[in-house]
Amino acid sequence: RTKKPAAAASPAEAEAVGEAAGDAEAVAEAALAAKPAAKSPRKKSSPRKASSPPAAATPANEPAAEPEAEPALECAPKPAAKKPAARKKKKKKKADADADAEAAPEEEKKPKAKKAKKPPPGPIERKLGPRAAAPAGAATLKVVSINVAGLRAVLDPDKPPAKREALAALVAREDPDVLCLNEHKLKEEDVEQATERLEAVLPAYVNSKSRWACSTAKKGYSGVAILVKAGGAADVAEATVAEGMPGVADDDEIVTAEGRVLTLTLPALAVVATYVPNSGQQLQRLEYRTKAEDGWDAKMARYVKRFDRPVAVIGDLNCCVNAADFHNAYVRPNFDAMRAGEVPVAEQYVGLSGPKKQAGLTAEERTSFGAMLEAGGLADSFRRQHPDATGVFSYYSQRFGAAIREANKGLRLDYVLVTEGLLKPDATPRLVDSFVLSDADTPQIADHLPVGGLFVL
-7 RTKKPAAAAS
3 PAEAEAVGEA
13 AGDAEAVAEA
23 ALAAKPAAKS
33 PRKKSSPRKA
43 SSPPAAATPA
53 NEPAAEPEAE
63 PALECAPKPA
73 AKKPAARKKK
83 KKKKADADAD
93 AEAAPEEEKK
103 PKAKKAKKPP
113 PGPIERKLGP
123 RAAAPAGAAT
133 LKVVSINVAG
143 LRAVLDPDKP
153 PAKREALAAL
163 VAREDPDVLC
173 LNEHKLKEED
183 VEQATERLEA
193 VLPAYVNSKS
203 RWACSTAKKG
213 YSGVAILVKA
223 GGAADVAEAT
233 VAEGMPGVAD
243 DDEIVTAEGR
253 VLTLTLPALA
263 VVATYVPNSG
273 QQLQRLEYRT
283 KAEDGWDAKM
293 ARYVKRFDRP
303 VAVIGDLNCC
313 VNAADFHNAY
323 VRPNFDAMRA
333 GEVPVAEQYV
343 GLSGPKKQAG
353 LTAEERTSFG
363 AMLEAGGLAD
373 SFRRQHPDAT
383 GVFSYYSQRF
393 GAAIREANKG
403 LRLDYVLVTE
413 GLLKPDATPR
423 LVDSFVLSDA
433 DTPQIADHLP
443 VGGLFVL
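For the sequence shown, position 451 (counting from the first letter as 1) is numbered 443 according to our numbering, and the numbering increases by one without interruption.
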């Protein structure tokens, strides 16, 4: 009876278990472990295991033989028991290394977060020739335009006076005969209060000759104004002001209902003050602006051609026609060729995927703008007068705060366009100075800078 249990855990069977584990030393240890198992009093006194000869032969009872081999299995892994300790040492070393990495100064991780907030590298140098002056004693007309991005915020007496003072400083410096305001965002019912508040800041520009165009399609949106200086060159009996593009866009609701165009007609020339629709973040108005026959640009060209006198179109035209007009282009190795017109507009976006889809910078808008100039007989007066000017912008995004403005990373969206006749040196009237002011010239009023032109009458 005592030999049968020993035979069940014989050295040969233990050796088979060790070989299954793939370890020769485990086989030897399992064999030694099997001998005491044969002398175990517990197994001798077990009548069930001693008196059951069929147990090892019956397939149904094969699982019962496995527990008898468990002592050998418990001994077999003993040589490998040291591996977990080795793993623990490796884990400890890795943990120590991770702890050292975590103990590194926080400053090493900060630049990544800051880098995302920084504007593109800069700054871009502003290179511009001197402004021109009119001949001594000549009769002149000066027109200045500024996008105020909401006039109520500028004139509100409950707000800090910085913007009101900046507007007053601009007018004191330039002394314009005509002051054009873009994007005033006033509703028609706001005009009376705004006029009262404006009188406290610019008393000479509140009179019967001044005119406001407000959006009726959308409240607190768009809007242009023409403010005529009392006693100035534009304060004449023959002066008239019309809204929209009469005879050209009478059925265009964007022109007629969004308060985007006012025209001051004087005996010598006509001044069209305009705030051109932005194509939108999703370019939802791109087709409207650039459509060959009925788009905004095409209509403006036809409108200008209707006049029997020279015309100046001034305001926020929401487009960068030349490569030098948007800061993104300055990093391109062929920038000089681009701004000289030696590279077709459609091919100027290599490495500039952002501008290609940005309102005011798309190839469609820039091409359409050029077509408008040609069809309307217009010229970009600033670029004509300063063909080599670079780093001259009129708008700065507020996404990066003051940093992008300090780096001079902007766009030139504001223009003084004139019919070609105004650029002839001996013509009367004629343009003698086209300018884009800088923050060094006048305090900030909004995200745009003032532009203007000086005409000899």
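We put the CB at the ideal spot given by N, CA and C, even for glycine.
Straight-line Cα distance separating residue j from residue i
{"i": "Gly343", "j": "Gly445", "result": "35 Å"}
{"i": "Leu353", "j": "Val140", "result": "22 Å"}
{"i": "Asn174", "j": "Gly129", "result": "32 Å"}
{"i": "Ile138", "j": "Cys172", "result": "6 Å"}
{"i": "Asp439", "j": "Val305", "result": "21 Å"}
{"i": "Pro168", "j": "Glu188", "result": "20 Å"}
{"i": "Pro97", "j": "Ala399", "result": "A caution first: Pro97 carries a pLDDT of 43, below 50, which makes its placement in the model unreliable, though a value can still be read off. In a straight line, the C-alpha of Pro97 is about 30 Å away from that of Ala399."}
{"i": "Glu285", "j": "Glu279", "result": "11 Å"}
{"i": "Gly215", "j": "Val183", "result": "11 Å"}
{"i": "Tyr267", "j": "Leu409", "result": "13 Å"}
{"i": "Lys283", "j": "Lys291", "result": "10 Å"}
{"i": "Lys211", "j": "Ala161", "result": "29 Å"}
{"i": "Val233", "j": "Lys201", "result": "8 Å"}
{"i": "Phe427", "j": "Pro259", "result": "24 Å"}
{"i": "Val451", "j": "Leu405", "result": "The chain is shown only over -7 to 449; residue 451 falls outside these bounds and no answer can be derived."}
{"i": "Phe327", "j": "Pro115", "result": "16 Å"}
Helix, strand or coil at residue i [DSSP, three-state]
{"i": "Gln436", "result": "coil"}
{"i": "Gly223", "result": "coil"}
{"i": "Ile396", "result": "helix"}
{"i": "Glu357", "result": "helix"}
{"i": "Ile246", "result": "helix"}
{"i": "Asn320", "result": "helix"}
{"i": "Glu339", "result": "helix"}
{"i": "Gly121", "result": "coil"}
{"i": "Ala262", "result": "strand"}
{"i": "Glu235", "result": "strand"}
{"i": "Asp431", "result": "coil"}
{"i": "Tyr197", "result": "helix"}
{"i": "Leu403", "result": "strand"}
Best match in the options for proximity to residue i [C-alpha to C-alpha]
{"i": "Tyr388", "options": "Ala164, Asp308 and Arg376", "result": "Asp308"}
{"i": "Glu436", "options": "Ala315, Leu133 and Leu159", "result": "In the sequence on display, residue 436 carries Gln and not Glu. Out of Ala315, Leu133 and Leu159, Leu159 has the C-alpha closest to the C-alpha of Gln436."}
{"i": "Glu117", "options": "Ala316, Asp406, Pro421 and Pro347", "result": "Ala316"}
{"i": "Thr420", "options": "Gly333, Glu412 and Ala209", "result": "Glu412"}
{"i": "Tyr322", "options": "Met237, Ala154 and Gly402", "result": "Gly402"}
{"i": "Val448", "options": "Ala124, Leu190, Val183 and Gly114", "result": "Ala124"}
{"i": "Val296", "options": "Pro336, Tyr197, Ala371 and Ala229", "result": "Ala371"}
{"i": "Phe318", "options": "Pro336, Glu334 and Gly346", "result": "Gly346"}
{"i": "Asn270", "options": "Ala260, Leu258, Ile246 and Pro259", "result": "Ile246"}
{"i": "Cys311", "options": "Lys349, His176, Thr248 and Val263", "result": "Lys349"}
{"i": "Ala432", "options": "Arg165, Phe392 and Pro127", "result": "Arg165"}
Sub-8 Å separation of residue i and residue j beta-carbons
{"i": "Arg156", "j": "Leu147", "result": "yes"}
{"i": "Ala289", "j": "Arg277", "result": "Strictly speaking, residue 289 in this sequence is Asp, with Ala absent from that position. No, the pair does not count as a contact, with Cβ atoms beyond the cut-off."}
{"i": "Val443", "j": "Ser386", "result": "yes"}
{"i": "Ala205", "j": "Leu254", "result": "yes"}
{"i": "Gly239", "j": "Arg301", "result": "no"}
{"i": "Phe374", "j": "Tyr341", "result": "no"}
{"i": "Leu275", "j": "Ala355", "result": "no"}
{"i": "Arg358", "j": "Val384", "result": "no"}
{"i": "Ala192", "j": "Glu250", "result": "no"}
{"i": "Lys119", "j": "Ala381", "result": "yes"}
{"i": "Val511", "j": "Leu194", "result": "As shown, the chain starts at -7 and ends at 449. That puts residue 511 outside it, with no answer to give."}
{"i": "Ala131", "j": "Ala225", "result": "yes"}
Host alpha helix (DSSP H) of residue i (start-end)
{"i": "Asp289", "result": "Trp288 to Lys297"}
{"i": "Arg331", "result": "Phe327 to Arg331"}
{"i": "Tyr280", "result": "Leu278 to Thr282"}
{"i": "Leu162", "result": "Ala154 to Glu166"}
Start and end residues, beta strand (DSSP E) containing residue i
{"i": "Gly142", "result": "Unbroken run through Gly142: none, as it is neither H nor E."}
{"i": "Leu254", "result": "Val253 to Thr257"}
{"i": "Thr411", "result": "Asp406 to Thr411"}
{"i": "Thr497", "result": "The structure shown does not extend to residue 497, since the chain is modelled only from -7 through 449, so no value can be given for it."}
{"i": "Arg301", "result": "Looking at the DSSP string, Arg301 is not in any beta strand (DSSP E), and its letter there is neither H nor E."}
{"i": "Gly445", "result": "Val443 to Val448"}
{"i": "Ser345", "result": "Careful: Ser345 lies outside any beta strand (DSSP E), inside the alpha helix (DSSP H) at Ser345 to Lys348."}
{"i": "Ser426", "result": "Arg422 to Val428"}
{"i": "Arg203", "result": "Arg203 to Ala205"}
{"i": "Asn174", "result": "Val170 to Asn174"}
{"i": "Leu370", "result": "Leu370 to Asp372"}
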